[in-house]
Each structure stands twice: as structure tokens, then as C-alpha cells.
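Quick notes on the structure that follows.
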Amino acid sequence: MKKNKFDNILFISTITLAIFGIIMIYSASFIWAEYKFNNPYKFVISQGLFFIISLIIIYIINKLNIDFLKEKANLILLICFILLIIVLIPGIGTIRNGSRSWFGIGGLGIQPSEFSKIGLIIYISKYLESNNRIMKNIKKGVFPILLIIGIFFLLIMLEPDFGTAMVITLTLIVIIFTSGVKISFFTNIALVGILGIVVLIIIAPYRMARIVSFLNPWSDPLGSGFQIIQSLYAIGPGGLLGQGFLKSRQKSFYLPEPQTDFIFSIISEEFGILGVIIVCTLFFIIFYRCIKISLRQTNLFKKYLTFGLSFGIIIQAILNLSVVIGLIPVTGVTLPFLSYGGSSLLVSMISIGIILNISKK
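Going by the numbering used here, the sequence shown opens with residue 68, and the numbers climb by one from there.
Take a look at the structure:
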């Protein structure tokens, strides 16, 4: 089969969003970085480094035969599993914001749960291709996958990292749905999932506090409701064109660490509705191109893989944006390509790199 160039529209949209993310990380973080590290460029330099690394990885991925991922799917999943166990060991895993989710490498942090997202998608794509004929048999086809998802979900919740665990679970459920499993099965899974979420909320007081603050942020305006209140204060004054680049007020020690989960609030404040439309349009283009590439594939592994990576990005983006505007409780997930976080950026860019490789065929 003749090789073609990869999807240029997808590549340009992704790079544009990532570069804009680096610019906004500087805008959102320079005051906090100057105060905490005496270096206003602390966060933007780190994110820029990860961006360069991600471009190199995309280049390498596009030189590979994508079947290599299928051949090594079991090994990739095993490595992710081992890393999730190791990060829980005191003295090895680094605690940030109450979660033991990172490995500290110099001044940088690597989050194994983020990379597990790709590992699970690769493995389940291979599984669905190999077992396509028995997927309608819940006992033989679906339960083995659910067992694996459950093990990884448990390990990530032990950190704890509820947001990442939810993104991974929702993404994998969507992939399984495309394999032809009966809808009644997903109805039952949804009921079990709701029950499980209720239990997780009850056993963790801080999650209950987030639910209460979601329903009424002003019930604890200086505690659990503080972030969402400050986020809405940032979005509100944005207007049509915003306050102007670097002119956000909420990043001045009002909205905590605005360069991470709530960077969209700063984008809204500085660039207004116009900035929101541009960001959402870029996300739509990326998702549309990814799904289009997936639908073109005749190879089931590549179809499932592209579909899963696409939904992994868009589900995470939707969850983040929903939190920022107060539609759902705070989950702690980053906004792909835009939020500060090396692991998040690498995983998002690697996902696009794999999809770009597949798009060449």
C-alpha cells in the first residue's frame, strides 16, 4: 500500500493548541512562579522542555510500524502495571496535593497513571481485534477486560487519583461499546458504576466536601468551594474579547495554581468568548480529524486504537471544562495540551503521534 503524508490539519491544530498552552502557562503562572521559586519562567521552561521531547517522540513514532505496538501490547501493559505499584511505595513515589502519583526526576515529575491510559488502550485494542467474534458473549469476551480495568482502577485509586481513574474507565468503556456489546450490559455497568462512585464519595470525606461545594460553593467559600468560586470570578469579567493577555486578576494569588486544572479560566478572563471559541474549535477539529481517521481504517486494531486515543483526549477535555464552568464537581484532571503538566502533555502528544502514524496509510 502506498504511503502518504500524515494528516496535516490534525498536526497543525495540535501544535497550535500546545504552543498556545505554553504561552498561557506563562501568563497564568509567572506571578506564582516568581513568588514561590524566584523565577517567573519556572513553569513555562518545564512545559517547553516536555513539548520539545514530545515532538521528538512524535517524529520517532512516525518512523515506526504501528504493528509494533500490537506486538508489544502485553509488555507495555505489564510495565504500566509495575510502575503503578512502584509509585505507591513510600520513598519512591512523590506526594503532591495529597496524592502519591509521581516519580520525581530532577525537578520534573512523571505520572505513571497518565501513561497507563495509553497502555490500556493499546492492550484492549489488541484484545478486541483478537476476540472480536466473542465480544457479544459477556462472560467470555467482556469480563476478562473488566477484570484488567478494575485492577488498574484500584491501583490508581490507591494513590488516590479519582479524576484520572474516571477518564481511563470512561474511555475504555467507550471502546468496548464500539465492539458490538449489547446496550443492556452498559446499562447494568452504569448502575454498578453509580453505586461505586457513591461508595467512593462516602468513604472519602474530601470527595463529599467537593460534592457539597459543587452544589453550593458558598457553603465553604474559603475551603472546598474556593477554587470554583475564583474560577467563575475569572470567567465572568472576560466578556467578548477579554481583559487582555497577561492582564488576568485571578492569577494574582486568588485562583490557586491557575496554570494547571483551571487554566481555561485564565484563558476566558484574558481572551473572553473569542478565546473560548478558538480553543473549543481547535479541540473539535482535532477530535473530528481523529474520528475520521478511525472510520477509514479496515484494520480493527488500528480502528479501535485510534478511536480509543481520540476519546481519551476528548473525554478528559470535556471533564476539565465542565469542572471549570461548574457543571460537575472538581475532579483534578488537566486540560489536554493546555494545562501545565509534563506527563499530561506527553501522553496527549504521544496519542496524536500514534494517530498521525495511522493516518499515513
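Ideal Cβ placement from N, Cα and C applies to all residues, glycine included.
Put simply, of S166, S426 and S251 the residue whose alpha carbon is nearest the alpha carbon of A232 is S166.
In the DSSP assignment, T81 falls within the unbroken alpha helix (DSSP H) covering N75 to F104. DSSP, read as helix, strand or coil, puts F170 in strand. Across the structure, I123 and G420 are spaced so that their CA atoms are roughly 10 Å apart.
Non-local C-beta neighbours of P288 in its own chain, meaning closer than 8 Å and more than five positions away in sequence, comprise I296, ordered along the chain. Here the region 407 to 417 makes contact with the region 113 to 122; the two share three or more CB pairs at distances below 8 Å.
Nearest to I159 by alpha-carbon distance, out of F148, G171 and M202, is G171.
Per the coordinates, the alpha-carbon of G303 lies some 14 Å from the alpha-carbon of K318. Excluding five sequence positions before and after G247, the CB atoms of its chain that fall closer than 7 Å to its own CB belong to M202 and K203, given in chain order.
For G160, the enclosing beta strand (DSSP E) has its first and last residue at G160 to R163. Judged by beta-carbon spacing, S80 lies beyond the 8 Å limit of I358, meaning their Cβ atoms are not closer than that value. Three or more Cβ pairs closer than 8 Å define a contact, and the region 365 to 381 falls short of that threshold against the region 305 to 318. When the alpha-carbon of P227 is set against those of T238, F210, L151 and D134, the nearest one is in L151.
Going by C-alpha positions, I212 is about 16 Å away from V259. In summary, G306 is exposed, with fewer than 16 beta-carbon neighbours lying within 10 Å of its beta-carbon over all protein chains present. Under the three-state reduction of DSSP, P157 is assigned to strand. In the displayed model, G247 falls within coil according to three-state DSSP, outside both helix and strand.
A Cβ-Cβ separation of about 7 Å places G176 in contact with G409 under the 8 Å criterion. Three or more Cβ pairs closer than 8 Å define a contact, and the region 386 to 393 falls short of that threshold against the region 78 to 94. Assigned with DSSP and collapsed to three states, G409 falls in helix. For G176, the beta-bridge partners assigned by DSSP are G171. Residue nearest to T254 within the set F331, V241 and V265 is V241 (criterion: CA-CA distance). Taking C-alpha positions only, L195 is separated from Y108 by approximately 45 Å. Within its own chain, the residues whose Cβ lies closer than 8 Å to the Cβ of I205, once the five positions on either side in sequence are excluded, are V248, K249 and F252, listed in chain order.
No Cβ-Cβ contact shorter than 8 Å links D134 with I360. The Cβ atoms of L225 and L155 sit closer than 8 Å to each other. Counting of Cβ neighbours within 10 angstroms places G263 among the exposed residues, the total staying below 16. With fewer than 16 other beta carbons inside 10 angstroms of its own, C347 counts as exposed. Comparing alpha carbon positions, the residue from L299, Y273 and P272 closest to W285 is L299. T365 is classed as exposed because its beta carbon has fewer than 16 other beta carbons within 10 Å across all chains shown. Contact annotation: K184 and G379 have beta-carbon atoms nearer than 8 Å.
The criterion of a C-beta distance shorter than 8 Å is satisfied by P403 and Q383. For N424, the closest C-alpha among the options V265, L136 and L239 is that of L136. The beta carbon of I92 sits closer than 6 Å to the beta carbons of F110, V111, Q114, Q326 and Y407 from its chain, once the five residues preceding and following it are set aside; these are given in chain order. Judged by their CB atoms, I189 and I146 are not nearer to each other than the 8 Å cut-off. Of the residues assessed, L405 falls on the buried side of the cut-off, its CB having 16 or more other CB atoms within 10 angstroms.
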